[in-house]
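Taking it in order: structure first as structure tokens, then the write-up.
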Amino acid sequence: MTCEEALRRLYEVIDKEASEIDVKEVQEHLAHCENCMARYEFEAMFKTFVCDKASSSPKADDLKKRILTRIDESEDKPNRFFNRPFRYQAVIIAAAAALILCIVAAFSVAGYYRYHTFIEPFENCHMAGVQAYRTSQADDPAIDPRDPEVLAFLQKSIPVTVNDSMPGFLMIGSCLDNIQNCRFAHFQYAHDQSLVSLFVGNDDGINLPGFEQVTIDGIDFYQYTCKSCQIMYWKENGMIMVAVSEDKTLELSEIRTVLSAI
Amino acid sequence: MSKKETFEAEAMIHVDSLYRTALRMTKNEGDAEDLVQETLMKAYRFWDKFEEGSNCRAWLFKIMTNIFINNYRAKSRAPQVVDLQDVDDDFLFGQLSALGPSDNPEQHFFAKVFDDDVKGAIEELPEDFRLVVVLSFLEGFSYQEIADIAGLQIGTVKSRLHRGRKLLQKALWDYAVKNGFIKETAR
Ligand SMILES: [Zn+2]
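If you read the sequences in order, they're chains A and B.
Take the first sequence: its position 245, counted from the start at 1, is 258 in our numbering, and no numbers get skipped.
Take the second sequence: its position 114, counted from the start at 1, is 104 in our numbering, and no numbers get skipped.
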């Protein structure tokens, strides 16, 4: 073995990733090559040095207690949306107060929705493939063929095609959801390893108050953000499209590109 | 055992090491604690789906890495440009060797640099390199495990680790020279 070959295997040997044969050959070389030996010893020493110096960290006992408390709280409340970090509870409490108003308002304003009406079907989505995806985190999602009932709904009532495959989006599955007595076609995608739901329905005067308006490429989008979720909706040609993402993504509006023929 | 009991026994024991990595990645305690909390809450939600007997620690790190990338990483999506052209593979070794064999410069160097300086140097690494360096050096994951955790090809893991090492050695050398631990000599 030449010095060059010995040094090419340097890090793999030190990181204990080299094959037995490679290790043996390297050792034979090092036994009679002082230069390579010195380099190997140095790199091994450097790794030990970094491990020793940087491995210590404060004990996270308080953190563990807090996590266990949150787990207990989450067991009491099956609705996952309410198991967010404490600082978001303020938002949620405010939202709950608004919800009471909303129930009153619902009698007079048709299709008066709150953001959580979309988070619930998103989080409790039972379509095949989604759970597998959530577990595997994008490695090997079992892709569900598109639900014929959803396709029928789309063809009948909505002039839109939902693409199976768009760059950056991986379709996981589809189903029909009833949300406040409105039918929505629900598509779930993986986008940047995040789960994203796209709800497509007829806009019968549906309103979601409390959303921030942003204009992207001349289209008005309305978004609502908390730390661990993001909702964005927009309206086009008598339809409402609501995108919900489990993790905050910067490009949620991109999901518009999976729709065609609007 | 209940779901919570098995979770405590198998997942909660990794909180210290998750927190260590979270600290290096977020660079502050508040975000690191939030990140670990979110990781464990998510893991608990999907605990039924975790396959018993598979690598729980790697599974938790994978969840944490995904949350970090989605929610915490620097806002800019621009690719990180790292210029290493003028840094040789054996840069630090060469510099230290050039100081001469008599005064044992390696030992001197390793003894002088403090824990916080090494942690600081790791935190200065660009995120992509920092992640693989932390997972390899501090957490002892194999190349294959790192590839699974970070969603990378194994070749990418190797090259990032290689470049991460080089950057780290360069940063520590510059630091030692700046603080007068070592007098730079022309190579
Ligand atoms: Zn040699």
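Glycine residues also receive a C-beta, built at the ideal position from the N, C-alpha and C atoms.
Residues bridged to residue i [DSSP beta-bridge criterion]
{"i": "A:His204", "result": "A:Phe182, A:Ser207"}
{"i": "A:Arg196", "result": "A:Asn191"}
{"i": "A:Val227", "result": "A:Phe234"}
{"i": "A:Phe212", "result": "A:His199, A:Val255"}
{"i": "B:Trp163", "result": "Answer is none; B:Trp163 lacks a bridge partner."}
{"i": "A:Ser273", "result": "A:Thr174"}
{"i": "A:Gln243", "result": "A:Thr238, A:Ser258"}
{"i": "A:Lys248", "result": "A:Ile253"}
{"i": "B:Asn169", "result": "Paired residue(s): none; B:Asn169 is not in a bridge."}
Partners in chain A for residue i, counting only beta-carbon separations shorter than 8 Å
{"i": "B:Met31", "result": "Ile80, Arg83, Ile84, Ser87, Asn96"}
{"i": "B:Val5", "result": "Ala73, Leu76, Lys77, Ile80"}
{"i": "B:Met2", "result": "Lys77, Ile80, Leu81"}
{"i": "B:Gln27", "result": "Leu76, Arg79, Ile80, Arg83, Pro98"}
{"i": "B:Ser178", "result": "Chain B is shown only over -9 to 177; residue 178 of chain B falls outside these bounds and no answer can be derived."}
{"i": "B:Gln159", "result": "Phe59"}
{"i": "B:Lys17", "result": "None at all; the shortest Cβ gap to chain A is about 13 Å."}
{"i": "B:Glu117", "result": "Here the premise fails: no neighbours, minimum Cβ distance about 15 Å."}
{"i": "B:Tyr34", "result": "Ile84, Ser87"}
{"i": "B:Lys102", "result": "The contacting residues do not exist; B:Lys102 stays about 11 Å from chain A at best."}
Interface residues of chain B facing residue i [CB-CB closer than 7 Å]
{"i": "A:Met140", "result": "None at all; the shortest Cβ gap to chain B is about 15 Å."}
{"i": "A:Lys60", "result": "Phe127"}
{"i": "A:Arg196", "result": "Result: empty, since nearest Cβ-Cβ is about 28 Å, beyond 7 Å."}
{"i": "A:Arg52", "result": "Asp80, Phe83"}
{"i": "A:Phe55", "result": "Phe83, Glu96"}
Partners in chain A for residue i, counting only beta-carbon separations shorter than 7 Å
{"i": "B:Val108", "result": "Val63, Lys66, Ala67"}
Partner residues on chain B for residue i, Cβ-Cβ distance less than 8 Å
{"i": "A:Ala256", "result": "Correct list: empty, because the minimum Cβ distance to chain B is about 15 Å."}
{"i": "A:Asp260", "result": "Asn56, Ile57, Asn60, Asn61"}
{"i": "A:Glu30", "result": "Ser132, Tyr133"}
{"i": "A:Ser70", "result": "Asp6, Tyr9, Arg10, Leu13"}
Where residue i meets chain B, residues with beta-carbon distance less than 9 Å
{"i": "A:Tyr24", "result": "Lys148, Leu151, His152, Arg155"}
Contacts of residue i in chain A (Cβ-Cβ under 9 Å)
{"i": "B:Ile112", "result": "Val63, Ala67"}
Exercise. Around ligand 1, what residues have a beta-carbon under 7 Å from a heavy atom of it, in chain order?
Worked result: A:Cys16, A:Ala19, A:His42, A:Cys46, A:Asn48, A:Cys49
For this session: Starting from the N-terminal side, write out each stretch of the alpha helix (DSSP H) that is 4 residues or longer and does not extend beyond the stretch 29 to 55 of chain A.
Result: 33 to 44
For this session: For the stretch 8 to 74 of chain B, list the alpha helix (DSSP H) runs that are entirely contained and at least 4 residues long, ordered along the chain.
Result: 19 to 35, 46 to 57
Problem set entry | Ranges of the alpha helix (DSSP H) found wholly within the stretch 87 to 135 of chain B, counting only runs of at least 4 | 95 to 102, 105 to 114, 117 to 123
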